[in-house]
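Just so you know, the protein sequences line up as chains A and B, in that order. Position one of the first sequence corresponds to residue 31 (the working numbering), numbered consecutively onward. Position one of the second sequence corresponds to residue 31 (the working numbering), numbered consecutively onward. A virtual CB, placed ideally from N, CA and C, is assigned to each residue, including glycine. Since the structure comes first, as structure tokens, the remarks are kept for the end.
There are 2 protein chains.
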Amino acid sequence: MLRFCARQSVFLERHMKFEAITIKDIAKALGLSTSTVSRALRGSYEISEETKKLVLEYAEKLNYRPNPIALSLKEKRSRSIGIVVCEIANNFFSQVINGIESIAYSKGYYVIISQSHESYEREVANTQYLASRSVDGLLVSLSTETTDLSHLKKLHDKGLPIVFFDRITEEMQTHKVIANNFNGAYQATAHLISSGFQRIAHVTIASHLSITKERLAGYKSALADHNIPFDESLVRYCKYGGLIYGETEQAVDALLGLEKKADAIVAASDKLSTGCLTALAKRNIKIPDQMGIVGFTNSLLTDIFYPPLSSIRQPALEIGQTAMEMLIRLIESKHPITSFETRVLNTELTVRASSVKS
Amino acid sequence: MLRFCARQSVFLERHMKFEAITIKDIAKALGLSTSTVSRALRGSYEISEETKKLVLEYAEKLNYRPNPIALSLKEKRSRSIGIVVCEIANNFFSQVINGIESIAYSKGYYVIISQSHESYEREVANTQYLASRSVDGLLVSLSTETTDLSHLKKLHDKGLPIVFFDRITEEMQTHKVIANNFNGAYQATAHLISSGFQRIAHVTIASHLSITKERLAGYKSALADHNIPFDESLVRYCKYGGLIYGETEQAVDALLGLEKKADAIVAASDKLSTGCLTALAKRNIKIPDQMGIVGFTNSLLTDIFYPPLSSIRQPALEIGQTAMEMLIRLIESKHPITSFETRVLNTELTVRASSVKS
DNA sequence: ATGAAAGCGCTAACAT
DNA sequence: ATGTTAGCGCTTTCAT
Chain A
31 MLRFCARQSV
41 FLERHMKFEA
51 ITIKDIAKAL
61 GLSTSTVSRA
71 LRGSYEISEE
81 TKKLVLEYAE
91 KLNYRPNPIA
101 LSLKEKRSRS
111 IGIVVCEIAN
121 NFFSQVINGI
131 ESIAYSKGYY
141 VIISQSHESY
151 EREVANTQYL
161 ASRSVDGLLV
171 SLSTETTDLS
181 HLKKLHDKGL
191 PIVFFDRITE
201 EMQTHKVIAN
211 NFNGAYQATA
221 HLISSGFQRI
231 AHVTIASHLS
241 ITKERLAGYK
251 SALADHNIPF
261 DESLVRYCKY
271 GGLIYGETEQ
281 AVDALLGLEK
291 KADAIVAASD
301 KLSTGCLTAL
311 AKRNIKIPDQ
321 MGIVGFTNSL
331 LTDIFYPPLS
341 SIRQPALEIG
351 QTAMEMLIRL
361 IESKHPITSF
371 ETRVLNTELT
381 VRASSVKS
Chain B
31 MLRFCARQSV
41 FLERHMKFEA
51 ITIKDIAKAL
61 GLSTSTVSRA
71 LRGSYEISEE
81 TKKLVLEYAE
91 KLNYRPNPIA
101 LSLKEKRSRS
111 IGIVVCEIAN
121 NFFSQVINGI
131 ESIAYSKGYY
141 VIISQSHESY
151 EREVANTQYL
161 ASRSVDGLLV
171 SLSTETTDLS
181 HLKKLHDKGL
191 PIVFFDRITE
201 EMQTHKVIAN
211 NFNGAYQATA
221 HLISSGFQRI
231 AHVTIASHLS
241 ITKERLAGYK
251 SALADHNIPF
261 DESLVRYCKY
271 GGLIYGETEQ
281 AVDALLGLEK
291 KADAIVAASD
301 KLSTGCLTAL
311 AKRNIKIPDQ
321 MGIVGFTNSL
331 LTDIFYPPLS
341 SIRQPALEIG
351 QTAMEMLIRL
361 IESKHPITSF
371 ETRVLNTELT
381 VRASSVKS
């Protein structure tokens with residue numbers, strides 16, 4: 031009877047104070063020590079079945095939840111990981127995130143998403159924040175402004191596991207996951223060539239990004255293999271990937287203004303693909319007859335664009351899954367890992383009306 | 031000289047152990063107590079200018095950063111807020127999130143995003159996690175599966191500030207932000223009527239959601255005002271908002287299979303709008319001549335759809351900003367707030383080819 | 001003006 | 001099998 035009263039009062043106390051149940055409450059109510067309760071809760075073999083049952087049932091009744099903040103402070107890990115991307119309002123990245131989450135969920139990790147909006151400053155602030163929140167690891171795709179990697183290097187040197195995806199860097203030794211950007215661009219370009227286009231342009235993102243270089247190399251290689259000379263004026267860099275107003279329009283205008291006009295475009299990102307389509311439509315350029323186009327995009331709407339857009343699709347979901355699996359391996363490894371892997375996943379070209387002359 | 035050595039050694043120690051500098055380190059190195067350092071760091075008036083300067087400079091040199099986990103544990107607040115939405119791969123929600131982040135950033139709050147993927151179970155797990163991570167408040171748009179609100183009610187009763195947006199509930203008294211869904215649907219329907227459509231269907235999401243009811247009411251009201259009888263068979267509910275395979279296709283097929291066929295559609299969400307467009311294209315239905323369509327969508331690509339899609343656009347960015355401002359007011363209020371506000375922001379109808387007969 | 005000590009919730013080394 | 005204690009990093013009350 032006394033015990034019953036005690037339980038009641040603790041419950042009421044906590045309820046009045048609007049605070050969560052703690053191990054201490056349970057210990058007090060049950061006349062045990064906090065360590066016993068703690069051990070019982072985690073099913074330690076040192077605790078008698080009887081006590082375990084008592085504790086477990088009481089904890090259940092009070093809907094006890096361990097305080098992860100306290101756990102993090104103690105263990106210096108949080109079973110959560112941080113994602114650093116430029117934009118979530120982007121099919122590719124939101125699909126990658128879904129891949130990450132699917133693995134995280136099944137392995138009991140929580141995911142904190144942050145956006146840099148292509149700003150170096152924001153990227154630094156976000157990584158600092160995530161690190162200070164004791165994330166166990168980081169999944170990073172670099173912002174377009176990022177050239178100095180010291181914010182990440184420092185954390186990595188301190189032992190924080192990091193896996194890069196999509197926009198990776200050669201400056202850091204760790205696991206990386208990318209789409210086969212070279213092949214994707216190669217296929218797109220080769221396909222345009224075989225469709226009869228001659229002056230194929232490449233509208234792409236900031237020149238220093240890893241993916242930009244890979245895609246440009248694929249584009250060049252396809253040209254070379256078909257004996258088409260490379261023309262620098264056909265490559266247009268949109269520093270902010272079309273995120274900034276007018277960027278794509280200017281690129282398109284430049285291509286249309288060339289003495290020897292471009293007759294097709296390989297667009298290097300989601301935003302650029304749709305941006306080119308929009309710009310061309312506004313200027314009444316007939317696609318594909320006046321201008322063919324193939325775009326890197328993970329949009330699910332390519333079929334209802336006008337015209338339906340030929341696309342190079344990145345395996346975004348798998349990129350996310352692979353990156354998360356790699357990160358968990360790093361986090362949970364008992365021994366320091368010294369050999370790292372760069373996983374390259376295949377892209378998929380789907381031909382639609384935008385690249386096939388009528 | 032001795033002090034210099036001490037500094038060196040602490041730095042080295044920490045550096046070797048790959049751990050962050052703590053107040054304790056600073057105290058030890060400077061021969062002060064932790065409380066003095068703590069006070070100096072926050073500029074307490076009780077500390078002499080001399081000591082303050084010493085501490086501040088040393089902290090600066092070692093790049094000291096307070097440990098937010100420890101702060102959270104102590105203060106039971108974290109200067110971070112949680113977002114609970116169904117999907118970030120959705121123009122509307124990613125735009126709302128950008129609005130939230132813009133305010134959060136300027137006010138020094140961090141944002142943790144979580145997705146329910148329309149699953150009640152995930153929504154509950156996510157809210158529990160966020161709460162246990164000591165977020166200072168929650169910004170919530172309910173999942174389609176959610177009918178039981180006890181997970182949120184409990185937290186709210188315990189004093190956790192919550193602001194609802196988009197998919198709100200009448201069961202809880204707090205601030206809410208929505209688009210003027212009634213008006214949006216009314217305008218869309220009235221516009222289709224004035225364009226000469228007669229059998230206007232409504233393809234919408236789960237019937238119990240607040241926004242569904244509001245939009246349905248607007249649709250009905252427009253019909254009534256134009257003396258068109260309401261026909262239940264013209265309203266099709268897609269329980270998962272088109273997230274599940276074939277949902278939208280079935281709705282479209284049902285409308286096409288009616289004895290008195292529908293001749294226009296008001297689609298109630300991003301996914302449903304594009305889903306209907308896709309389904310109609312596949313079935314070779316000519317838009318708008320055989321079927322007109324206006325959709326609730328925040329896509330930026332409506333102009334390059336075929337045909338360009340007439341849209342009801344929600345002020346997503348402002349919804350996010352308003353919700354975040356309201357939440358901060360709740361969080362930072364000294365006194366308990368008892369009177370709550372539901373802010374209704376206007377939608378915008380843009381007429382494009384999909385709803386104007388040729 | 002500064003220090004000692006307690007406590008936030010939890011775990012684990014060390015008793016017993 | 002269970003309890004005591006210390007400690008994670010920080011703030012704050014209470015001494016001095």
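Classification of residue i by the beta-carbon crowding that lies within 10 angstroms, buried from 16 upward
i, result
"Arg-107(B)", "exposed"
"His-256(A)", "exposed"
"Ser-369(B)", "exposed"
"Gln-351(A)", "buried"
"Ser-385(B)", "buried"
"Gly-73(B)", "exposed"
"Ile-342(B)", "buried"
"Leu-288(B)", "exposed"
"Met-46(B)", "Only weak support exists for where Met-46(B) lies, its pLDDT of 40 falling under 50; the value from the coordinates is given anyway. Per the 10 Å Cβ criterion, exposed."
C-beta neighbour in chain B for residue i, strict 8 Å
i, result
"Thr-308(A)", "yes"
"Thr-157(A)", "no"
"Lys-204(A)", "Note on residue identity: the sequence assigns Thr, not Lys, to residue 204(A). False, the Cβ-Cβ gap to chain B never drops below 8 Å."
"Glu-131(A)", "yes"
"Val-381(A)", "no"
"Ile-315(A)", "no"
"Thr-234(A)", "no"
"Leu-347(A)", "no"
"Thr-66(A)", "no"
Span separating the alpha-carbon of residue i from that of residue j
i, j, result
"Pro-191(A)", "Ile-111(B)", "25 Å"
"Lys-316(B)", "Ser-225(B)", "16 Å"
"Phe-122(A)", "Ser-102(A)", "32 Å"
"Val-154(A)", "Gln-217(B)", "45 Å"
"Leu-172(A)", "His-238(A)", "11 Å"
"Ser-39(B)", "Leu-92(B)", "No answer about Ser-39(B) holds up, because its pLDDT of 42 lies below 50 and its placement is not dependable."
"Glu-117(A)", "Asp-283(A)", "26 Å"
"Thr-176(A)", "Ser-144(A)", "15 Å"
"Ile-77(A)", "Gly-189(B)", "36 Å"
"Pro-98(A)", "Thr-304(A)", "43 Å"
"Ile-361(B)", "Lys-83(B)", "33 Å"
"Phe-335(B)", "Arg-359(B)", "41 Å"
"Thr-52(B)", "Ile-113(A)", "26 Å"
"Arg-69(B)", "Glu-355(B)", "31 Å"
CB contact flag (residue i, residue j, <8 Å)
i, j, result
"Val-141(B)", "Glu-131(B)", "yes"
"Arg-95(A)", "Ala-50(A)", "yes"
"Lys-184(B)", "Val-193(B)", "no"
"Val-233(B)", "Ala-161(B)", "no"
"Leu-264(B)", "Arg-229(B)", "yes"
"Asn-328(B)", "Asn-213(B)", "no"
"Arg-266(B)", "Asn-211(B)", "no"
"Thr-174(A)", "Gly-271(A)", "yes"
"Ala-252(B)", "Ile-208(B)", "no"
"Leu-285(A)", "Ile-235(A)", "no"
"Phe-195(B)", "Ala-298(B)", "no"
"Ala-346(A)", "Val-170(A)", "no"
8 Å Cβ cutoff, residue i in contact with chain A
i, result
"Asn-213(B)", "no"
"Asp-55(B)", "no"
"Pro-98(B)", "yes"
"Phe-335(B)", "yes"
"Ile-118(B)", "yes"
"Arg-95(B)", "yes"
"Tyr-140(B)", "yes"
"Ser-164(B)", "yes"
"Ala-353(B)", "no"
"Thr-327(B)", "no"
Extent of the continuous alpha helix (DSSP H) run through residue i
i, result
"Gly-350(A)", "346-362"
"Tyr-94(B)", "Note, Tyr-94(B): premise wrong, no alpha helix (DSSP H); not H, not E."
Residue interval of the beta strand (DSSP E) (run including residue i)
i, result
"Gln-228(B)", "Run containing Gln-228(B): none; DSSP gives neither H nor E here."
"Leu-182(A)", "First-last for Leu-182(A): 180-187, but that is the alpha helix (DSSP H), not the beta strand (DSSP E)."
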